[in-house]
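Notes follow once the structure below has been shown.
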Amino acid sequence: MQGKKIVQEALFTQFLLSDHVPQNNLYRKLQQVLQLQYLYKLTKPYYGVSGQKSIDPIVFFKLCLVGYLENITSDRKLIEVCSMRLDILFFLGYNLGEPLPWHSTMSRTRQLFPESLFEEVFTQVVGMCVDKQLVSGHTQAIDSAPVKANASMDSLELKVPQQELEAYLGELRHISKRDKETYRKAKNNKATKAQQTLSANTKALNEIKSRNKRWQSQQTERPGAG
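Counting in full-length UniProt numbering, the sequence shown runs from 1 upward without gaps.
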């Protein structure tokens, strides 16, 4: 069953969490900008109708956002850091001394939602920040880690075809035409008697003849032949 946390600061105390978070604090600004009430409807299909109440979906996604901003990949470490940060507690809607969700609850809830849901929420959050001018496009952050390339820039060579396409096709046409021409017999046969004698049998000669005929017929099928 989907849970919903009631956010209300403790009144009967000498300590108000909001008084100890500066106005220019990032998480205070996010608390004012992010309107995440739509998450209840968006995540409702992933919950059952009975059973114990879950972690508030808004709290869960806020914790995911904190983990991203603080570069924390461990759920256990995330809960530990959040419990010691007044600004994050204020962002999450928790009072001082109020226990945060267990790290195992974070892990199970993360497996509950598909990746597409996280992408949709991320897009919505970025859009809200852009609308309130918390995100601008005048600066780009680029990872400066050196990465070994597969090739050296000094070894690059400009490669061009040896022939233009038309010249290449023209040469193919010339070769194809020449292949079809009948060879003229020499006036004087300079071959020896042994060279003029065929030692192959009739079957082998027929195979050679068929192979040559098939080869000649294929010359017109080459690119540019005709």
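Every residue, glycine too, gets a C-beta built ideally from N, C-alpha and C.
Quick caveat: nothing in here was measured; it's all calculated off a predicted structure.
- Taking a contact as a CB-CB distance under 8 Å, the pair Glu98 and Val81 does not count as one, their CB atoms being some 16 Å apart.
- Under the DSSP assignment, Lys53 falls outside any alpha helix (DSSP H); it carries neither an H nor an E label.
- Burial state of Pro22 is exposed, judged by a 10 Å Cβ sphere holding fewer than 16 other Cβ atoms.
- By the neighbour-count criterion, in which 16 or more other beta carbons inside 10 Å mark a residue as buried, Tyr27 falls on the buried side.
- Three or more Cβ pairs closer than 8 Å define a contact, and the segment 88 to 97 falls short of that threshold against the segment 115 to 129.
- Excluding residues up to 5 positions away in sequence, Leu36, Leu39 lie with their Cβ nearer than 6 Å to the Cβ of Ile58 in the same chain.
- Contact check for Thr109 against Ile55 passes: the beta carbons are separated by less than 7 Å.
- For Arg214, the secondary structure class from DSSP, reduced to helix, strand or coil, is helix.
- For Met128, the uninterrupted alpha helix (DSSP H) segment begins and ends at 115 to 131.
- Judged by their CB atoms, Lys44 and Gln2 are nearer to each other than the 7 Å cut-off.
- Counting the other Cβ atoms within 10 Å of the Cβ of Met106 gives 16 or more, which makes it buried.
- Unbroken alpha helix (DSSP H) runs of no fewer than 4 residues, entirely contained in the UniProt domain "Transposase InsH N-terminal" (17 to 111), are found at 26 to 33, 39 to 43, 57 to 69, 75 to 84, 86 to 92, following chain order.
- Between Phe90 and Leu16, the C-beta spacing is not below 7 Å.
- Judged by beta-carbon spacing, Leu92 lies within the 7 Å limit of Lys62, meaning their Cβ atoms are closer than that value.
- The beta carbons of Leu34 and Met128 sit about 6 Å from each other, so the pair counts as a contact at 8 Å.
- Annotated three-state conformation of Asn189 is coil, per DSSP.
- The alpha-carbon separation between Gln8 and Met84 amounts to approximately 20 Å.
- Rounded to the nearest whole angstrom, the CA to CA distance from Lys53 to Asp75 is 20 Å.
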